[in-house]
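Trainee: Protein chains in written order, with my numbering: chain A, 1 to 221; chain B, 222 to 1064.
Below you will find the structure I want to go over with you.
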């Protein structure tokens, strides 16, 4: 099976050349198609940096990163945007819904970024499947935390991406909501045959994944 | 990259922009309101100018009074010539002269009298009150006159009363409201019309050179007017002193006045737009910073920076289109308002015109300003990184001044300046204005940064109020730059215009009257001058009387070159060489006109003409000592040599001549006198007695002229000051919007202060200190620029003496300070008592 994500000797550092802060050092790993992987590790170990690099929103200092066999290190912003639009869905810890758009409009944003227009019914259908049929025209400020996160997941899944990157998706939710959120995410990931890479502090969630990658001090343990 | 012609993408941009605007229009009120006000100002001035120019063009024949006009000066056309002209169409003869009109018990009034035949007017009509009274002036039974409202008020006469014109009794037939051909005296002074038959019957004559025969033709066959104009010109070619005018030229002078004034108003309006632009820039930047997260999310989903920039830019364009349409439609009806403000005696009826070109003119200027001020804000979007979503750390972005943007902005500013320059005759002053304006903006921005740097050096304070004020001023989101720039420019404009206006008004109300004579006699027959002088001295032996001989001459050539080829209409001294000039002569130089170049001539030498010129006119016209000037004096071309240049100050309204020749040569010429009188005896009394004794003598009361000029100037400066105040109002809106943008930041700060025990009076004191520090700084520089600017205008352009008026200055500064501070307090009212709970809950 082709690797959905492939990191080869990837390093990431910030700051001056004289005294750089090394966040990741020579990371090597890959994620296969349809594989669900969790990344765990202590705070500051570099977990989120891996997600940032895989999404193309951050640039590696060294090494090679391939998304569906396409090298993304060195690409320009427009090309990275295109790869992200077509292949990747991102779920953030803080949901990050657009505050003046309704639930439906937030999901439609993803479709329209991919130049799929007049797809309102599809967006509503997915939101209904996520139990939000009564919240379709509500603004984020009118939704609970759990509802907001479900909208965020719907936004990430609507384009049927090959890869979902989730950065502590249950970090701002209570345990009940966390559980139902992860059930939703796992169900739809498997259903749509998508790879899922998830950063989490929750061991119970990590254990539900196909594989766990442990990071410590910028290196895979 | 957004492909410009991808219709789906463009539709998406349209959808997002409209949706975003409909849900956040309240945050964009500053952009909409300031754009609307400044576009409205522009639209008002453009519409009135367009309407006036259309009126002049459409009614050019009415304004001229015919298809062609001939002015022959004091001599009428020979009957033979008139008969020849009559073969081409209808000929109307009119005589214009200056005379005195008087009534019983009231002082006589200097009046422009027009004697017209029954063909007048060839185009249009005389509007009189009561209607139909204009016909009565052609009555042969009793001499009748139409007077204007000004004469009616001064002489306190009504329809049916008698007045005296050069000793002859005329009955007032009615009031002349307007005549189709522009008569300046009808607008600004005293004007009357009689029938030519009455003029001929009574052999009225003013006795000299202030008399002008005018002939107007209406062609029988108007279709080939060009050919017929050439025929007319060939008929009168025998005498090159006869002036011809065509319909296009009739409103030229008025057109130039309109152009200069409207150009000035346009510049002030665009200044308002530029200040509005500062508000646009500030509001947009705040808008972007408030949407930091949303923009980052859109980027994480896959939208490019270009797409997002275009979306917000489109929103601004939607606002521009809406405000410009509304502003244009309101402005289009300004000619109707102008009709109410313009004197009825001008005979002008302005019509509103709606045109696409007119709208596009306003829109284009608005677009340029919007582009200039939105580019740095919108380009800051590229600095927002989606990766910040993972860290939840968002840094506020600031204006993007990359090299590419600076070059683009420079090009846009050049386009804006060039666009205005191309639309006016005053190109140099327009460019100068823009350069001065942008330099002033930079100065004020520099001033604000200087203040911040200066205050950063001071750390020790005894008072909390000053400590808080200090922190607010040196903070990153300080009010100082925006307040200094937007209020500073408005204040500088208001101060400069007020200083110039005040100096002019003082000159007219104080300086000139102190130097000017009480009466100015025009056109006194040389035979009665000695008797007149004795008569006046018998009334007041202490009277200061001065008489100068005068003859009429017209400028033909300079060093053999016809003067029309050397001097353009726009030359500021063109008046010296156009039309009939009055020249005088003297044996000795006048002490009031010192010679600044050349030598005075020796007395004697009656065979050669020597000329002394007004130095300023000479330099403007490119003359040098020993140049040869050819004048036509009473039908004869005479060439003389320039011997010297004199400094002439016309301000004192005493007798001054641009051209003086040697007395020995002039002795042979027929002449008349002009004179001035200054006396402690009432000038009304003297005038009444003089006119009674010498009916043909005309005199102007100088204080009357000055009050007329003052009246006109007052109206102009009210309009100009009003517009400056609008500029300040826009500046205040911009400042208020900046304050509102900072509300969250300031409320948070004030809450912390409240928790720490700082009381409300201290916060108020802090705000006051903050305002005073910024205001005093900008006042210092605004005053400096205004003093320098007004000094240059008053001393160099107007050639007056500049004076500083402390009272006016303090009045303007204190009023502006009070209004600004009150508005800032009102804008800040929500932060005076912030609630603790929402902050604790992070809401």
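Ideal placement from N, C-alpha and C gives every residue a C-beta, glycine not left out.
Can you name, in chain order, every residue of its own chain whose Cβ lies under 6 Å from the Cβ of residue 494 of chain B, other than the five neighbours on each side?
Mentor: In the second chain, the residue the question calls residue 494 of chain B occupies position 273. For residue 494 of chain B, where only same-chain residues beyond five positions count, the Cβ hits under 6 Å are 259, 590.
Trainee: Which term fits residue 593 of chain B, buried or exposed, when burial requires 16 or more other beta carbons within 10 angstroms of its beta carbon?
Mentor: Translated into the one-based positions of the second chain, residue 593 of chain B becomes position 372. Flag for residue 593 of chain B reads buried.
Trainee: What residues from the segment 524 to 545 of chain B come within 7 Å of chain A, judged by C-beta to C-beta, listed N to C?
Mentor: 524, 525
Trainee: What residues are listed by DSSP as bridge partners for residue 5 of chain A?
Mentor: Indexing the first chain from 1 puts residue 5 of chain A at position 5. According to DSSP, which records beta bridges pairwise, residue 5 of chain A is partnered with A:31, A:67.
Trainee: Give me the residue from B:868, B:915, B:445, B:859 with the minimum Cα distance to residue 890 of chain B.
Mentor: The residue you call residue 890 of chain B lines up with position 669 of the second chain. Just measuring C-alpha positions, the residue of B:868, B:915, B:445, B:859 sitting nearest residue 890 of chain B is B:859.
Trainee: For residue 797 of chain B, which option in B:278, B:550, B:291, B:844 has the closest C-alpha, if you only look at C-alpha atoms?
Mentor: Reading the second chain from its first residue, position 576 is the one you call residue 797 of chain B. It is B:844.
Trainee: Under a Cβ-count criterion, where at least 16 other Cβ atoms within 10 Å of its own Cβ denotes burial, should residue 1032 of chain B be classed as buried or exposed?
Mentor: Your numbering for residue 1032 of chain B matches position 811 in the second chain. That one is exposed.
Trainee: Quick check: the Cα distance between residue 999 of chain B and residue 670 of chain B, rounded to an integer number of angstroms?
Mentor: Translated into positions along the second chain, residue 999 of chain B becomes position 778. Translated into positions along the second chain, residue 670 of chain B becomes position 449. When rounded, the distance between both Cα atoms is 11 Å.
Trainee: Who does residue 14 of chain A pair with in a DSSP beta bridge?
Mentor: Walking along the first chain from the start, residue 14 of chain A turns up at place 14. For residue 14 of chain A, which the question treats as bridged, DSSP gives the partners A:21.
Trainee: DSSP three-state label for residue 1062 of chain B, please.
Mentor: Locating residue 1062 of chain B in the second chain gives position 841, where the first residue counts as 1. Below a pLDDT of 50, predicted positions are generally treated as unreliable, and residue 1062 of chain B, at 48, falls in that range; no measurement from the model is reported.
Trainee: Taking only the alpha-carbon atoms, compute the straight-line gap between residue 1045 of chain B and residue 16 of chain A and give it to the nearest angstrom.
Mentor: On the second chain, position 824 is the one that residue 1045 of chain B refers to. On the first chain, position 16 is the one that residue 16 of chain A refers to. If I take the Cα positions, the gap works out to 44 Å.
Trainee: Apart from the five residues just before and just after residue 647 of chain B, which ones in its own chain have a Cβ nearer than 7 Å to its Cβ?
Mentor: For this step, residue 647 of chain B is matched to residue 426 along the second chain. Once the five neighbours on either side are set aside, the close Cβ partners of residue 647 of chain B are 481, 484.
Trainee: Give me the Cα-Cα distance between residue 884 of chain B and residue 836 of chain B, rounded to the nearest whole angstrom.
Mentor: Residue numbering aside, residue 884 of chain B sits at position 663 when the second chain is read from its first letter. Residue numbering aside, residue 836 of chain B sits at position 615 when the second chain is read from its first letter. Using only the alpha carbons, I get a separation of about 20 Å.
Trainee: Cβ atoms of residue 151 of chain A and residue 103 of chain A: under 7 Å apart, would you say?
Mentor: Taking the first residue of the first chain as position 1, residue 103 of chain A is located at position 103. Taking the first residue of the first chain as position 1, residue 151 of chain A is located at position 151. In this structure, residue 103 of chain A places its C-beta atom within 7 Å of the C-beta atom of residue 151 of chain A.
Trainee: What does the Cβ neighbour count give for residue 888 of chain B, buried or exposed, with the cut at 16 atoms within 10 Å?
Mentor: Working through the second chain from its first residue, we reach residue 888 of chain B at position 667. Flag for residue 888 of chain B reads exposed.
Trainee: Which value, in whole angstroms, describes the spacing of the CA atoms of residue 990 of chain B and residue 623 of chain B?
Mentor: Position 769 of the second chain holds residue 990 of chain B. Position 402 of the second chain holds residue 623 of chain B. CA-to-CA, the gap between residue 990 of chain B and residue 623 of chain B works out to about 36 Å.
Trainee: If we call anything under 7 Å between Cβ atoms a contact, is residue 1003 of chain B one with residue 740 of chain B?
Mentor: For the purposes of this step, residue 1003 of chain B is taken as residue 782 along the second chain, with counting starting at 1. For the purposes of this step, residue 740 of chain B is taken as residue 519 along the second chain, with counting starting at 1. Going by C-beta atoms, residue 1003 of chain B is not nearer than 7 Å to residue 740 of chain B.
Trainee: Starting from the beta carbon of residue 84 of chain A, find every residue of chain B whose beta carbon is closer than 8 Å, and list them in chain order.
Mentor: As a first step, residue 84 of chain A is located in the first chain; it is residue number 84 there, counting from the start. In chain order: 521, 522, 523.
Trainee: For residue 9 of chain A, is the classification buried or exposed, using 16 other Cβ atoms within 10 angstroms of its Cβ as the cut-off for buried?
Mentor: Here the question's residue 9 of chain A lines up with position 9 in the first chain. It is exposed - the Cβ of residue 9 of chain A has fewer than 16 other Cβ atoms within 10 Å.
Trainee: State yes or no: is the beta carbon of residue 158 of chain A nearer than 7 Å to at least one beta carbon in chain B?
Mentor: Indexing the first chain from 1 puts residue 158 of chain A at position 158. No, residue 158 of chain A does not count as interfacial toward chain B.
Trainee: Determine whether the beta carbon atoms of residue 223 of chain A and residue 31 of chain A lie at a separation below 7 Å.
Mentor: Because residue 223 of chain A is not part of the residues shown, which for chain A are 1 to 221, the question remains open.
Trainee: Could you tell me whether the Cβ atoms of residue 794 of chain B and residue 737 of chain B are closer together than 7 Å?
Mentor: Here residue 794 of chain B corresponds to residue number 573 of the second chain, with the count starting at 1. Here residue 737 of chain B corresponds to residue number 516 of the second chain, with the count starting at 1. Not closer than 7 Å, so no.
Trainee: Give the secondary structure of residue 105 of chain A by DSSP, where H, G and I count as helix, E and B as strand, and everything else as coil.
Mentor: Residue mapping note: residue 105 of chain A aligns to position 105 of the first chain, counting from 1. Here residue 105 of chain A sits in helix by DSSP.
Trainee: Does the distance from the CB of residue 372 of chain B to the CB of residue 330 of chain B come in under 7 Å?
Mentor: Your numbering for residue 372 of chain B matches position 151 in the second chain. Your numbering for residue 330 of chain B matches position 109 in the second chain. Contact flag set, yes.
Trainee: DSSP beta-bridge partners for residue 766 of chain B?
Mentor: Against the second chain, residue 766 of chain B aligns to sequence position 545. Residue 766 of chain B is bridged to B:898.
Trainee: Return the chain-ordered ranges of every beta strand (DSSP E) run that is complete within the segment 442 to 513 of chain B and spans a minimum of 3 residues.
Mentor: 464 to 466
Trainee: Can you pull the chain A residues whose beta carbon is under 8 Å from the beta carbon of residue 229 of chain B, in chain order?
Mentor: Numbered from its first residue, the second chain carries residue 229 of chain B at position 8. Within 8 Å Cβ-Cβ: 115, 117.
Trainee: Once DSSP output is grouped into helix, strand and coil, what is the label at residue 569 of chain B?
Mentor: Translated into the one-based positions of the second chain, residue 569 of chain B becomes position 348. Residue 569 of chain B falls in the coil class under three-state DSSP.
Trainee: Select from A:84, A:48, A:199, A:200 the residue whose C-alpha is nearest the C-alpha of residue 518 of chain B.
Mentor: Along the second chain, one-based indexing puts residue 518 of chain B at 297. Ranking A:84, A:48, A:199, A:200 by Cα distance to residue 518 of chain B puts A:84 first.
Trainee: Considering only their Cβ atoms, is the gap separating residue 770 of chain B from residue 580 of chain B smaller than 7 Å?
Mentor: For this step, residue 580 of chain B is matched to residue 359 along the second chain. For this step, residue 770 of chain B is matched to residue 549 along the second chain. Contact flag unset, no.
Trainee: Could you tell me which residues DSSP pairs with residue 775 of chain B in its beta bridges?
Mentor: Counting from one through the second chain, the residue named residue 775 of chain B turns up at place 554. Bridge partners of residue 775 of chain B: B:801, B:853.
Trainee: May I ask you to report which of helix, strand or coil DSSP gives residue 318 of chain B?
Mentor: Start at 1 with the first residue of the second chain, and residue 318 of chain B comes out as number 97. In the structure shown, residue 318 of chain B sits in a strand (DSSP, three-state: E or B).
Trainee: Quick check: is the beta carbon of residue 611 of chain B nearer than 7 Å to any beta carbon in chain A?
Mentor: Here residue 611 of chain B refers to the residue found at position 390 when the second chain is read from its first residue. Chain A, which has a Cβ nearer than 7 Å to the Cβ of residue 611 of chain B, makes this yes.
Trainee: State the CB to CB distance for the pair residue 599 of chain B and residue 733 of chain B, rounded to an integer number of angstroms; the pair is presumed to be in contact (CB under 8 Å).
Mentor: The residue given as residue 599 of chain B occupies position 378 in the second chain. The residue given as residue 733 of chain B occupies position 512 in the second chain. Rounded, the Cβ-Cβ distance is 55 Å, inconsistent with contact.
Trainee: Assuming residue 309 of chain B contacts residue 473 of chain B (C-beta within less than 8 Å), just tell me the rounded distance between them.
Mentor: Against the second chain, residue 309 of chain B aligns to sequence position 88. Against the second chain, residue 473 of chain B aligns to sequence position 252. Contact doesn't hold; Cβ gap of about 24 Å is too wide.
Trainee: Report buried or exposed for residue 704 of chain B, applying the criterion of at least 16 other Cβ atoms within 10 angstroms of its Cβ.
Mentor: Translated into the one-based positions of the second chain, residue 704 of chain B becomes position 483. It is buried - the Cβ of residue 704 of chain B has at least 16 other Cβ atoms within 10 Å.
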